[in-house]
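For the record, in the sequence shown the residue sitting at position 34 is 454 according to the working numbering, with numbers rising by one throughout.
All remarks here apply to the structure that follows.
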Amino acid sequence: MENTSNRFVKTERLSSKTQIQQIFDKGSVLFLHPLKIYYQLNEDSFCRVLITVPKRLYKKAVDRNLLKRRIREAYRLNKEQLSTGPFVDINIVYISGEILEFKLLNNKISDVLAKIKKSIPVGSVPSVSDPD
421 MENTSNRFVK
431 TERLSSKTQI
441 QQIFDKGSVL
451 FLHPLKIYYQ
461 LNEDSFCRVL
471 ITVPKRLYKK
481 AVDRNLLKRR
491 IREAYRLNKE
501 QLSTGPFVDI
511 NIVYISGEIL
521 EFKLLNNKIS
531 DVLAKIKKSI
541 PVGSVPSVSD
551 PD
């Protein structure tokens, strides 16, 4: 039987257009080839993730979906690194022109999550800003 805390549930997916735009506008950027990561503190008790593979790099949906599945699985296996907080919204953008194997992506996601954890001070609380 699978541990339920290791699942990637719908509430952990970032889908609000306004929150996604906020990450691009006010969030921090981290680059670790082949990934570009945008992240920002959130007020929830969990992290939320958006995975993006550009259509201009991968014309075939099959290739984009393959990469998104690999990245999603790598995140699911490594998300416990961010389980103690502070919690963030993350947008993972795949920018390489070649399709990497899962093992390499898994290592990169693990490294990225560790860097995010280091870059955010432990006592950080997101500032509440006007939605206007």
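Quick reminder that beta carbons are idealized off the backbone N, C-alpha and C, glycines included.
query                                                                                                                                : result
Paired residues, beta bridge with Leu520 - DSSP                                                                                      : Its beta-bridge partners do not exist; DSSP assigns none.
Cβ shell of Ser516 (< 6 angstroms), same chain only, five flanking positions each side left out                                      : Pro454
Residue closest to Gln442, alpha-carbon to alpha-carbon, out of Ile491, Leu502 and Leu461                                            : Leu461
Chain-order list of residues whose beta-carbon lies under 7 angstroms from that of Arg490 (same chain, five-residue window excluded) : Phe522 and Leu525
Given Leu477 as reference, the closest of Ile519, Ala534 and Val469 once Cα atoms are compared                                       : Ile519
Beta-carbon proximity of Val469 to Asn498, cut-off 9 angstroms                                                                       : no
Leu452 beta carbon less than 9 angstroms from that of Lys528                                                                         : yes
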